[in-house]
Amino acid sequence: IYSSNVPNLLYYSHFPAIIVSLILSFLIFLKNKKSLAGKLLLGVSITFSVWGVFDLILWATNRTDITMFFWSLQILFESFVFILSFYLVYTYIKTKLPPFGVNLIIFLIITPFILLTSTNYNLMGVDLNNCYAIENSIIIYYSYTLEILFTILSMVIIAFAYKNTLERRREIIIFLIGISLFLLAFSFGNIIGSFTEDWIVAQYGLFGMPIFIGFLAYLIVRFHTFNIKLFATQALV
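Here this note's numbering is used: the first residue of the sequence shown is -10, the next is one more, and so on.
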């Protein structure tokens, strides 16, 4: 993880995002283990954190075999961040999982993507000059289509909930702003990296996670979201 190859910016973009997301998500899980939304938030945080660690490894290594292995896994984990975020939004709004038909469609959509992870349709090789994996255009468009799709679906669910609910409107709009900033920043950073190969700029996308965590902390203090009572001073610390 630590190497002269890694720009200092990456440690500021990765470690704070990973630490604050894991702390808050584990706090929510431990305070209310029965909360389905809390479990999914923990899943999002863990998946995001694993992605972040893989990213640091890729920056630090000069070995092509490690680059191929972790890069292919990183693409997979990146998509699961968005899929789990969709489930988080759905359970946060409706307090239950999506119906069987929706789960079946999602399963059919992501299965080919998972199967392609270890094939040439994902990565075709490594650019030895820069130690970048050469991504197949098929997997690029497939993965980013999934990310955009689940981001839009998440926003649509929240928008309908805002329209049809009076008592939770302020809470819903704050949640919408927080998770939208996270998903849009994360996807935008990765898309910029894939199409321009400027992976330094892509790192700014990770700052969306601490912002999302800040919005969640406010929701917990103000509205006791996830059925957790947390004082403002505790959230600030």
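Ideal Cβ positions, reconstructed from N, Cα and C, are used throughout, including at glycine.
Run of the beta strand (DSSP E) containing residue i, from where it starts to where it stops
i: I123; result: Y121 to E124
Segment limits, alpha helix (DSSP H) that includes residue i
i: L112; result: Run containing L112: none in the alpha helix (DSSP H); it sits in the beta strand (DSSP E), L112 to D116.
i: V(-5); result: Segment: none, V(-5) is in no alpha helix (DSSP H) and carries neither H nor E.
i: Y81; result: T53 to K83
i: N92; result: F89 to L105
i: R211; result: G197 to F212
i: I35; result: L25 to A49
Contact set for residue i: own chain, Cβ-Cβ below 6 Å, skip 5 residues either direction
i: S14; result: L30, L31 and S34
i: T214; result: L208
i: F18; result: G27 and L31
Expected contact under 8 Å - CB spacing of residue i and residue j to nearest Å
i: F139; j: G167; result: Contact flag wrong, Cβ pair sits at about 16 Å.
i: E124; j: S68; result: With a Cβ gap of about 13 Å, E124 and S68 do not count as contacting.
i: L208; j: S2; result: About 24 Å; that fails the 8 Å criterion.
i: I189; j: L170; result: With a Cβ gap of about 21 Å, I189 and L170 do not count as contacting.
i: M198; j: S24; result: At roughly 20 Å, the Cβ-Cβ gap does not stay under 8 Å, so M198 and S24 are not in contact.
i: F175; j: V70; result: 7 Å
i: L(-1); j: Q192; result: 6 Å
Residue i burial status per 10 Å Cβ neighbour count (16 or more: buried)
i: N179; result: buried
i: E160; result: buried
i: D44; result: buried
i: S126; result: exposed
i: T108; result: exposed
Sequence-distant residues of its chain with Cβ nearer than 8 Å to residue i (five each side left out)
i: I103; result: L65
i: I46; result: I(-10), I55 and F59
i: L165; result: M144, I147, A148 and Y151
i: N92; result: L86
i: V115; result: T53, T56, M57, Y121, A122 and I123
My parser needs the alpha helix (DSSP H) runs of 4 or more residues fully inside the segment 135 to 172; what are they? none
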